[in-house]
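Peer 1:
2 protein chains.
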Amino acid sequence: MEMGTVVAPVEQSLHEVEALLYRQAEGFHQDLEAALHHLLRAGGKRIRPTVALLSGRLVEAEEDRLITLAAALEMLHTATLVHDDLIDGALLRRGVPTLNAQWSPAATVLTGDFLFARAAKLISQTHCVPVIEMFAETLSIIVNGEIHQMFEGGRYTDKEAYYWRIYAKTASVFELATVGAGKLGDPTPEQAQALQRYGYAVGMAFQIMDDVLDFRGETQRMGKPVGHDLRNGLITLPSLLYYLEHPQDPALQRLMAGERLKRDEVEALIRRIQDSDALPQAVDEARRFVDEAVEALRGAFPPQPEREALISLADYIVERDH
Amino acid sequence: MEMGTVVAPVEQSLHEVEALLYRQAEGFHQDLEAALHHLLRAGGKRIRPTVALLSGRLVEAEEDRLITLAAALEMLHTATLVHDDLIDGALLRRGVPTLNAQWSPAATVLTGDFLFARAAKLISQTHCVPVIEMFAETLSIIVNGEIHQMFEGGRYTDKEAYYWRIYAKTASVFELATVGAGKLGDPTPEQAQALQRYGYAVGMAFQIMDDVLDFRGETQRMGKPVGHDLRNGLITLPSLLYYLEHPQDPALQRLMAGERLKRDEVEALIRRIQDSDALPQAVDEARRFVDEAVEALRGAFPPQPEREALISLADYIVERDH
Chain A
1 MEMGTVVAPV EQSLHEVEAL LYRQAEGFHQ DLEAALHHLL RAGGKRIRPT
51 VALLSGRLVE AEEDRLITLA AALEMLHTAT LVHDDLIDGA LLRRGVPTLN
101 AQWSPAATVL TGDFLFARAA KLISQTHCVP VIEMFAETLS IIVNGEIHQM
151 FEGGRYTDKE AYYWRIYAKT ASVFELATVG AGKLGDPTPE QAQALQRYGY
201 AVGMAFQIMD DVLDFRGETQ RMGKPVGHDL RNGLITLPSL LYYLEHPQDP
251 ALQRLMAGER LKRDEVEALI RRIQDSDALP QAVDEARRFV DEAVEALRGA
301 FPPQPEREAL ISLADYIVER DH
Chain B
1 MEMGTVVAPV EQSLHEVEAL LYRQAEGFHQ DLEAALHHLL RAGGKRIRPT
51 VALLSGRLVE AEEDRLITLA AALEMLHTAT LVHDDLIDGA LLRRGVPTLN
101 AQWSPAATVL TGDFLFARAA KLISQTHCVP VIEMFAETLS IIVNGEIHQM
151 FEGGRYTDKE AYYWRIYAKT ASVFELATVG AGKLGDPTPE QAQALQRYGY
201 AVGMAFQIMD DVLDFRGETQ RMGKPVGHDL RNGLITLPSL LYYLEHPQDP
251 ALQRLMAGER LKRDEVEALI RRIQDSDALP QAVDEARRFV DEAVEALRGA
301 FPPQPEREAL ISLADYIVER DH
């Protein structure tokens, strides 16, 4: 499965999204423009815009407004990455040095703020108040999730708390993509609900797979060391599943108690998690979300290229290896 | 002149703005709610909400939507204060310890982001797309101004650059207050233009007076040491006017060249500025902006309590001593 196949029906519109994104710093300070272009060039697969465009096609939303929504989603995502990098001090992202590694924290805060402002401007240009309201609410949910993690620590011992966190961090934006696209078109109530379920479930699967890849990744490809989250004391689904099966693991117990592990202890723990059933079990959970997403779409929409592309995208998410 | 007289026509609505602001963290993390309440209690005179409410009354805007706009403006203002404090490291604001002095930078970034999100949510609840678009554009202008100051330094040697900066920082939000309120009502084109001129000019006067008060202030009342901006290498109107009359002042020349002055050198420079004509000249400039604002209103609206209150507010701005 390649992203290329998935995006075929909306390839032209994705080019327009890209052009719209690059134009967003026109007329502003040259360093803001340079930062925006740097961040956009650093890539990402534009999965959120793709989901929005394909979803909107299913309900005959106007293409120009979909393109605007899609650009707003990518801009919002980019803005959160910039502030996240500042917050957790990650110095590499997507294998490219982050702004934070090159810029002062103050410049990074302001760049993130600027990107939020441009995301807000783009979303306002959909001219659809319910979409704009949902955008603002989603931003609140994302930040609330981050604050929660910061103050409560990320040492989740139950799945419910983990699911709540990845909803706030990731699935909420996928939901905004599909529900927002729906609001720009004319879905039946069943179709609107199917889009919501698809966005939610694919977003959850996407974050679970990100968390799985964190245990599989190579620094060069992912831009982060293997087990980056665990090294920072953050429990994600693989380590949580491992913990539920090995509650007596002494290193993990100490980490759960808030203790800081030595480097070789963390690395041994990462290897134990890698060698356990936790990773395939986590992939199974992602797969269950994808199945739910696919079922929702199949139940509400007749076969058509955009529906099949969304189904392929869901499959791609659990199969991708980077 | 007291703020009490000015706000009389909209006092009840200001209470509703206040209640709406306090409710904005309901359902989110308790520390976000605590931070929001702390920031709101720290006060401020709610000048932006007052301007919006009074302006909207002049054009018969619906009161509920005006209250929502007014709350969005104060929330936006509060959000920018939080990130500003982080950026320039000020540890006191309005005489109250800032978040930054109590919280980690990461928590402060996120709290500011949350306040931006709530401002965006509130503005979306005006259900008026042109107001929402203007809000997003204003946010971009504010951030662009901050970035500009950060990268170019704040050592302005001409008034045009200074005016551009205070427009981005302050007058743009006052303009959003009056023009936004206008868009929620039904002004004639002349009235819409008068509201824009009033918002712009009063905003400019407000920031000039802030910059004057920075040279007059007492730490206890302003929450900052006297000459705070100059100590940070930022040239505002008083120091710029002093410079234009005393281009040979050696300490100011060195500061303009980017050199860092010793503490006693800065303090002597601050006293020379205080003893010069710069402060009364700067007040005169603020007064000219206020006159322009008052003239615009008088030309477009018949006498009525809200118009008189806006005129009194403009006077209050150049007369306030804190």
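For the protein sequence lines, the chains are A and B, in the order given.
Note that the numbering used here has the first sequence beginning at 1, numbered continuously upward.
Note that the numbering used here has the second sequence beginning at 1, numbered continuously upward.
Even for Gly, the Cβ is constructed at its ideal location relative to N, Cα and C.
Please read these numbers as outputs of a predicted model, since none were measured by experiment.
1) For the region 299–316 of chain A, which residues have a CB atom closer than 7 angstroms to at least one CB atom of chain B, in sequence order?
2) Check A/Thr219 in the structure and name its three-state DSSP category.
3) Determine the contact status of A/Pro9 and A/Ala309, defining contact as a CB-CB distance below 9 angstroms.
4) Pick out the complete alpha helix (DSSP H) segments inside the region 106–187 of chain A, 4 residues or longer, and give them in chain order.
5) Are any of the Cβ atoms in chain B nearer than 9 angstroms to that of A/Met75?
6) Thinking C-beta only, is A/Val202 closer than 9 angstroms to A/Ala354?
7) So the candidates are A/Leu115, A/Pro105, A/Leu69 and A/Leu86; which of them puts its Cα closest to the Cα of A/Ala25?
8) Buried or exposed for B/Gln30, please, with buried defined as at least 16 other CB atoms from any protein chain shown within 10 angstroms of its CB.
9) Taking the continuous alpha helix (DSSP H) assigned at A/Pro305, which residues delimit it?
10) For A/Thr219, count neighbouring Cβ atoms within 10 angstroms of its own Cβ and tell me buried if that reaches 16, exposed if not.
11) Output the distance between the C-alpha atoms of A/His77 and A/Ala177, rounded to the nearest integer angstrom.
12) Which residues in chain B sit within 8 angstroms of A/Asn144, going by Cβ to Cβ distance?
13) Reducing DSSP to helix, strand and coil, say where B/Ser13 ends up.
14) How would you write the range of the alpha helix (DSSP H) that A/Asp64 sits in, first residue to last?
15) Give me the chain A residues within the contact set of B/Gln125, using Cβ-Cβ distance strictly less than 8 angstroms, ordered along the chain.
16) Determine the chain B residues that contact A/His148 at a beta-carbon separation under 7 angstroms, and present them in chain order.
17) Taking only three categories from DSSP, how would you classify B/Pro247?
18) With DSSP as the reference, label B/Leu32 as helix, strand or coil.
19) Is the number of C-beta pairs between the region 126–140 of chain B and the region 70–89 of chain A that are closer than 8 angstroms three or more?
20) Below 9 angstroms on C-beta distance, what does A/Arg257 contact in chain B?
21) Buried or exposed: which applies to B/Glu285, given that a residue is buried once 16 or more other Cβ atoms fall within 10 Å of its Cβ?
22) Since I believe B/Phe151 is in contact with B/Met204 (beta carbons under 8 angstroms), could you give me their beta-carbon distance rounded to a whole number of angstroms?
23) Counting only Cβ-Cβ distances shorter than 7 angstroms, please list the residues of the region 162–183 of chain A near chain B, keeping chain order.
24) With 7 angstroms as the C-beta to C-beta threshold (strictly closer), list the residues of the region 192–219 of chain B near chain E in chain order.
25) Looking at the ligand ATP, does it come within less than 8 angstroms of A/Gly4, judged from the CB to the closest heavy atom?
26) Check whether the Cβ atoms of B/Met209 and B/Arg320 sit closer than 9 angstroms, and answer yes or no.
27) Would you please verify whether the beta carbon of B/Ala71 is less than 9 angstroms from any beta carbon of chain A?
28) Helix, strand or coil, according to DSSP, for A/Glu26 in the structure here?
29) Quick check: what's the CA-CA separation for A/Leu69 versus B/Glu63?
30) May I ask you to report which of helix, strand or coil DSSP gives A/Ile235?
31) For A/Asp264, count neighbouring C-beta atoms within 10 Å of its own C-beta (all shown protein chains included) and say buried if the count is 16 or more, exposed if not.
32) Buried or exposed for A/Lys169, going by 16 or more other Cβ atoms inside 10 Å?
33) Is there a C-beta anywhere in chain A that falls below 9 angstroms from the one on B/Asp88?
Peer 2: Put simply:
1) none
2) For the purposes of this step, residue 219 of chain A is identified with residue 219 of the first sequence, where counting begins at 1. Any reading at A/Thr219 must be qualified, since the residue scores a pLDDT of 48, below 50, and its modelled position is unreliable; the value itself is stated next. Helix.
3) Here residue 9 of chain A corresponds to residue number 9 of the first sequence, with the count starting at 1. Here residue 309 of chain A corresponds to residue number 309 of the first sequence, with the count starting at 1. Taking 9 angstroms as the Cβ cut-off, A/Pro9 and A/Ala309 qualify as a contacting pair.
4) 129–152, 159–166 and 172–183
5) As a first step, residue 75 of chain A is located in the first sequence; it is residue number 75 there, counting from the start. So, not an interface residue.
6) As shown, chain A starts at 1 and ends at 322. That puts residue 354 of chain A outside it, with no answer to give.
7) Counting from one through the first sequence, the residue named residue 25 of chain A turns up at place 25. The residue with the shortest Cα to Cα distance from A/Ala25 is A/Leu115.
8) Against the second sequence, residue 30 of chain B aligns to sequence position 30. Per the 10 Å Cβ criterion, exposed.
9) For the purposes of this step, residue 305 of chain A is taken as residue 305 along the first sequence, with counting starting at 1. Its alpha helix (DSSP H) spans residues Pro305 to Glu319.
10) For this step, residue 219 of chain A is matched to residue 219 along the first sequence. The predicted model places A/Thr219 with a pLDDT of 48, which falls under 50 and marks its position as unreliable; any figure quoted below should be read in that light. The residue in question, A/Thr219, is exposed, as its Cβ has fewer than 16 Cβ neighbours within 10 Å.
11) The residue labelled residue 77 of chain A in the question sits at position 77 within the first sequence. The residue labelled residue 177 of chain A in the question sits at position 177 within the first sequence. Near 11 angstroms, if we compare the C-alpha coordinates of A/Ala177 and A/His77.
12) For the purposes of this step, residue 144 of chain A is taken as the residue at position 144 of the first sequence. Under the 8 angstroms cutoff, chain B gives Phe28, His29, Leu32 and Phe114.
13) Numbered from 1 along the second sequence, position 13 holds the residue referred to as residue 13 of chain B. In the structure shown, B/Ser13 sits in a helix (DSSP, three-state: H, G or I).
14) One-based indexing of the first sequence puts residue 64 of chain A at position 64. Element bounds for A/Asp64: Glu63 to Asp88.
15) Translated into positions along the second sequence, residue 125 of chain B becomes position 125. Chain A residues near B/Gln125: Glu133.
16) Counted from its first residue, the first sequence places residue 148 of chain A at position 148. The answer, in chain order, is His29.
17) Here residue 247 of chain B corresponds to residue number 247 of the second sequence, with the count starting at 1. Looking at B/Pro247 - three-state DSSP - the assignment turns out to be coil, as it is neither helix nor strand.
18) Counting from one through the second sequence, the residue named residue 32 of chain B turns up at place 32. Note: B/Leu32 maps to helix in three-state DSSP.
19) no
20) Locating residue 257 of chain A in the first sequence gives position 257, where the first residue counts as 1. Note on identity: in this sequence residue 257 of chain A is Ala, with Arg being the wrong assignment. Near A/Ala257 there are no residues of chain B at all, since even the closest Cβ is about 22 angstroms away, more than 9 angstroms.
21) Here residue 285 of chain B refers to the residue found at position 285 of the second sequence. Buried, by the Cβ-count rule.
22) On the second sequence, position 204 is the one that residue 204 of chain B refers to. On the second sequence, position 151 is the one that residue 151 of chain B refers to. Their Cβ separation, rounded to whole angstroms, is 23 angstroms, which puts B/Met204 and B/Phe151 out of contact at 8 angstroms.
23) none
24) Given the protein chain composition of this structure (A and B), no chain E is represented.
25) As presented, the structure is devoid of all ligands, the ligand ATP included, so that no description of it is given.
26) For the purposes of this step, residue 209 of chain B is identified with residue 209 of the second sequence, where counting begins at 1. For the purposes of this step, residue 320 of chain B is identified with residue 320 of the second sequence, where counting begins at 1. Yes.
27) Looking up residue 71 of chain B in the second sequence gives position 71. So no, B/Ala71 is outside the interface.
28) The sequence position of residue 26 of chain A within the first sequence is 26, counting from 1. Looking at A/Glu26 - three-state DSSP - the assignment turns out to be coil, as it is neither helix nor strand.
29) What you label residue 69 of chain A is simply residue 69 of the first sequence in a count that begins at 1. What you label residue 63 of chain B is simply residue 63 of the second sequence in a count that begins at 1. If you take the alpha carbons of A/Leu69 and B/Glu63, they lie about 31 angstroms apart.
30) Within the first sequence, the letter at position 235 stands for residue 235 of chain A. In this structure, A/Ile235 counts as coil in the three-state DSSP scheme.
31) In the first sequence, residue 264 of chain A corresponds to position 264, counting from 1. The residue in question, A/Asp264, is exposed, as its Cβ has fewer than 16 Cβ neighbours within 10 Å.
32) Indexing the first sequence from 1 puts residue 169 of chain A at position 169. Buried: at least 16 other Cβ atoms inside 10 Å.
33) Your numbering for residue 88 of chain B matches position 88 in the second sequence. Yes, because at least one Cβ of chain A sits closer than 9 angstroms to the Cβ of B/Asp88.
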